[in-house]
Amino acid sequence: MKSWMYIDKIQPQLEAAFKSQDPELFDIVFDFDGKKLYADKLILSINSLTFKSMLSDRWISKNDSIKIETYKFDDFKELLTFIYSGKCNITNENIFTILDMSEFYQIKDLKELCDKYLSKMEWNLTNIFQLFETSNKYSLIQTKITIQTFIFQNFKTIVKSNAFLNTKKSVITEIITLGQTFAIKYEEMFQAAYEWSENQAFKKQKDLGDENFNMNDEIKVEIQEFLPHIKFNEMENRFFTNYVGMS
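The working numbering numbers the first residue of the sequence shown as -6 and each following residue consecutively.
Below, the structure written as structure tokens:
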């Protein structure tokens, strides 16, 4: 048998104990340049394999404090608050740090919460490609789906933006690859790939300062990776002749 009344009672008590930060209740101390944050080994270890390894007797002595230099006190406190209560004050300012901590400390439920938060953010040309890369880095399913939808709903505007022209090649490849899924015309896909490649060639020419730099050859090198995803035989004849034939 199971007492749900007891379970419902103990959870708020754990949360209250953590909020109290009473040193007598805890056996672990995290140190942030002298600022202390108390927790206990059992709760952290059963929620995170990373913490379990970190708090192993092999790595720390009983009376040692654990210095945290990678993350700030307030952000780390939000992480621990989630572990003790299931609550986390996620904001636009701390979301990427919280996400990174959830990944590093292997706290799946918090990572899913971050994914949900990011998937509901307001997209624009300033942040869309950063978020695209973030969704890839952390394997954020909800965020990835909403970003892809936004990009292909606004494809004509986005591919003309400086953000698109200067984003990573891996992102462009993925967008071109997915173009057909979202019913983007091959003409538009090729033009987007060409203009991105042309911009990369311009930047390389500028960096090298070489008067004999062959722009066309460099564009061909840059665009090569995209071509297998574009069906030239399905393009309009006029576009193929006027645009592709001259490229």
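A virtual CB, placed ideally from N, CA and C, is assigned to each residue, including glycine. Note that the structure is predicted; figures quoted are calculated from it, not measured.
Assign residue i to one of two classes, buried (16 or more other C-beta atoms within 10 Å of its C-beta) or exposed (fewer than that).
{"i": "G79", "result": "exposed"}
{"i": "N40", "result": "buried"}
{"i": "I138", "result": "exposed"}
{"i": "K28", "result": "exposed"}
{"i": "T119", "result": "exposed"}
{"i": "Q193", "result": "buried"}
{"i": "F148", "result": "buried"}
{"i": "I0", "result": "exposed"}
{"i": "G172", "result": "buried"}
{"i": "L201", "result": "exposed"}
{"i": "A103", "result": "Strictly speaking, residue 103 in this sequence is Leu, with Ala absent from that position. So L103 ends up on the buried side."}
{"i": "L37", "result": "buried"}
{"i": "L220", "result": "exposed"}
{"i": "S128", "result": "buried"}
{"i": "I3", "result": "exposed"}
Would you kindly check if the distance between the Cβ of residue j and the Cβ of residue i is under 8 angstroms?
{"i": "E218", "j": "T166", "result": "yes"}
{"i": "V284", "j": "S46", "result": "In this structure the chain extends from -6 to 240, so residue 284 is not present and cannot be described."}
{"i": "F175", "j": "F143", "result": "no"}
{"i": "L106", "j": "C81", "result": "yes"}
{"i": "Y131", "j": "E96", "result": "yes"}
{"i": "L324", "j": "K34", "result": "This structure gives no information on residue 324, because the portion of the chain shown stretches from -6 to 240."}
{"i": "F19", "j": "A9", "result": "no"}
{"i": "T84", "j": "S112", "result": "no"}
{"i": "W116", "j": "I140", "result": "yes"}
{"i": "Y187", "j": "K224", "result": "no"}
{"i": "F25", "j": "I61", "result": "yes"}
{"i": "F244", "j": "L30", "result": "This structure leaves residue 244 out entirely; the chain is present only between -6 and 240."}
Which residues in the same chain have their Cβ closer than 6 angstroms to the Cβ of residue i, if we skip the five residues on either side of it in sequence?
{"i": "S190", "result": "I212, E215, I216"}
{"i": "F157", "result": "I151"}
{"i": "L7", "result": "Y77"}
{"i": "D68", "result": "N87, T90"}
{"i": "S154", "result": "L118"}
{"i": "I100", "result": "S41"}
{"i": "Q14", "result": "Y31"}
Please go through the same chain and pick out, in chain order, the residues whose beta-carbon is closer than 7 angstroms to the beta-carbon of residue i, but skip the five residues on each side of it.
{"i": "V164", "result": "F122, F125, E126"}
{"i": "I134", "result": "D108"}
{"i": "Y64", "result": "T90, M94"}
{"i": "Y110", "result": "I83, I88"}
{"i": "Q198", "result": "F206, M208"}
{"i": "E250", "result": "Residue 250 lies beyond the residue range present for the chain, which begins at -6 and ends at 240; the question has no answer from this structure."}
{"i": "P16", "result": "Y31"}
Under a CB-based cut-off of 8 angstroms, is residue i close to chain D?
{"i": "E181", "result": "Within the model displayed, chain D is absent; a lone protein chain is all it includes."}
Beta-carbon within less than 8 angstroms of residue i's beta-carbon, same chain only, minus the 5 sequence neighbours each way: which residues are those?
{"i": "Y98", "result": "S41, T43, F44, L72"}
{"i": "N159", "result": "N192"}
{"i": "I177", "result": "F145, F148"}
{"i": "N169", "result": "Inspection of the sequence shows that residue 169 is occupied by Ile rather than by Asn. Hits under 8 angstroms: M182, A185, A186, F219, H222, I223."}
{"i": "W(-3)", "result": "none"}
Original post:
Which runs of the beta strand (DSSP E) fall wholly inside the region 11 to 49 and span at least 3 residues, in chain order?
Top reply: 21 to 25, 28 to 32
**OP:** Would you mind listing the beta strand (DSSP E) stretches within the region 141 to 165 that are 3+ residues and don't spill past its ends, in chain order?
**Re:** none
**OP:** Would you mind listing the alpha helix (DSSP H) stretches within the region 66 to 128 that are 4+ residues and don't spill past its ends, in chain order?
**Re:** 66 to 78, 88 to 97, 101 to 112
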